[in-house]
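Report on the structure given below.
Residue numbers (my numbering): 3 to 379.
Now the structure itself:
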């Protein structure tokens, strides 16, 4: 359906932008063919590499095609806005249409604007994230853990764009915070272990007093969750699969639980998300932080005693305004902090981004530092 929808909007752009241009037939046909190839970028990846998530091409080519695909996407939006503007002018002028010269200039503006906005968006997407600091009060947090500092990384999507050099900079910025604990809430990679081993190696340098805890996202399952679990463990991470870790001494501890991603069952794996299993053995009333790649089941998790749920997956919507659409597909949440039945939900914009749509416009990536506080009784 994704590729069919892209074909439909491609035809719309050709009809509304390309065909009306005052160019020769050959030049318009050439532009239409170029746009067709760009619009089918992901389908071409599937035909060539067997997946649209991990194109094993030279980085400049991945970067260039990502920029062009984002520009095509923005051209769709700008074309629609241009047509709405033409319709509004027609209505105000009571049936008089905009002059042909002005319409042509508008179409040039659509194409140039899409290319420039895409360049800005890709540049923003590839930046090493800034640190966002968030204070969260958690019920029953022991006074000894008041001020506990936990850093969340998520959706790094390490691949040809977000590569080893980028990962090393993320690690350096994280380590500079001297956190008590680092948690990574899924989608660390795009690609098989053999293809990504060098890109993910810098994560072995993450430093925290209580180590690094990782949960799995949907992309780990796309590329072999068992193999990636073993690789994460080799790098020194503790991978939680429907289980929990105890941080601190008995009676003065913080419990960090993690559930798997809902796609697990599609790969014949008997490890669907199971909160009951993840919290089995957690004392009643104990402070619990839940790692869940997707922001799902929030009210159920709150009722089960979770004090803080950390999620990602949405990438914050990537483009300001587009987040309103992404929000509808994610239970009404997309970015930042939410109160869910007395539980705090935090949805990160993500640390990295999928290479197939590498854009951020008004939605910055983040390394999130949480300072936990004891909630007043």
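The beta-carbon is built from N, C-alpha and C at its ideal position, and this holds for glycine as well.
Q | Contacting residues, own chain, Cβ-Cβ under 6 Å from residue 195 (five flanking each side not counted) | A | 229 and 233
Q: Could you tell me how far apart the beta carbons of residue 151 and residue 373 are, in whole angstroms, since I believe they sit closer than 8 Å?
A: 6 Å
Q. Could you give the distance in angstroms between the alpha-carbon of residue 275 and the alpha-carbon of residue 260?
A. 9 Å
(Q) Suppose the cutoff is 7 Å on Cβ atoms and the five residues either side in sequence are ignored; what does the same chain contact list for residue 33 look like? (A) 20
Q. Expressed to the nearest angstrom, what Euclidean distance is found between the alpha-carbon atoms of residue 332 and residue 355?
A. 17 Å
Q: Mind checking which residues open and close the alpha helix (DSSP H) that includes residue 277?
A: 277-280
(Q) Can you give me the C-alpha to C-alpha distance between residue 16 and residue 39, rounded to a whole angstrom? (A) 13 Å
**Q.** Backbone CA spacing between residue 341 and residue 350 [nearest angstrom]
**A.** 15 Å
Q.
Alpha carbons only, please: which of 137, 177, 220 and 191 is nearest the one belonging to residue 160?
A. 191
Q. Rounded C-beta distance between residue 141 and residue 371? I'm assuming under 8 Å.
A. No, residue 141 and residue 371 are not in contact; Cβ-Cβ is about 21 Å, not under 8 Å.
(Q) Contact defined as beta carbons within less than 8 Å: I believe residue 201 pairs with residue 169. What is the distance between those atoms, to the nearest angstrom? (A) 6 Å
Q | Paired residues, beta bridge with residue 342 - DSSP | A | 345
Q: Give the straight-line distance between the Cα atoms of residue 35 and residue 137, rounded to the nearest whole angstrom.
A: 52 Å
(Q) Classify residue 71: buried if its beta carbon has 16 or more other beta carbons within 10 angstroms, exposed otherwise. (A) buried
(Q) Going by beta-carbon coordinates alone, are residue 116 and residue 77 separated by less than 7 Å? (A) yes
**Q.** Chain-order list of residues whose beta-carbon lies under 7 Å from that of residue 93 (same chain, five-residue window excluded)
**A.** none
(Q) Does the segment 242-252 come into contact with the segment 264-283, if we say contact requires no fewer than three beta-carbon pairs (one atom in each stretch) closer than 8 Å? (A) yes
Q: Tell me whether residue 7 is buried or exposed, calling it buried when 16 or more other Cβ atoms sit within 10 Å of its Cβ.
A: exposed
(Q) Could you tell me the alpha carbon to alpha carbon distance between residue 360 and residue 253, rounded to whole angstroms? (A) 45 Å
Q: In the DSSP assignment, find the alpha helix (DSSP H) that holds residue 125 and state where it starts and stops.
A: 102-127
Q | Whole-angstrom C-beta distance between residue 306 and residue 257, which should lie under 8 Å | A | In fact, because the Cβ distance is near 12 Å, the residues do not count as touching under 8 Å.
Q: Return helix, strand or coil for residue 248, following the three-state DSSP convention.
A: strand
Q) In three-state DSSP terms, what is residue 330? A) helix
(Q) Pull the bridge partners of residue 216 from the DSSP assignment, please. (A) 186 and 241
Q) Taking the Cβ atom as the reference point for each residue, do residue 242 and residue 300 lie within a distance shorter than 7 Å? A) no
Q.
Using a Cβ-Cβ cutoff of less than 6 Å, which residues in the same chain neighbour residue 384 once the five nearest sequence positions on both sides are dropped?
A. Residue 384 lies beyond the stretch modelled for the chain, which goes from 3 to 379, so this question has no answer here.
Q. To the nearest angstrom, how far is it from the Cα of residue 54 to the Cα of residue 99?
A. 43 Å
(Q) Suppose contacts are defined by Cβ-Cβ distances below 7 Å. Is residue 336 in contact with residue 352 by that definition? (A) no
Q) For residue 313, which beta-bridge partners are listed by DSSP? A) 349
Q: Can you grab the Cα-Cα spacing for the pair residue 221 / residue 97, in whole Å?
A: 52 Å
Q.
Can you tell me where the beta strand (DSSP E) holding residue 290 begins and where it ends?
A. 290-293
Q) Under a three-way DSSP split, which group does residue 160 fall into? A) strand
Q.
With the cut-off set at 7 Å, would you say residue 173 and residue 132 are in Cβ contact?
A. no
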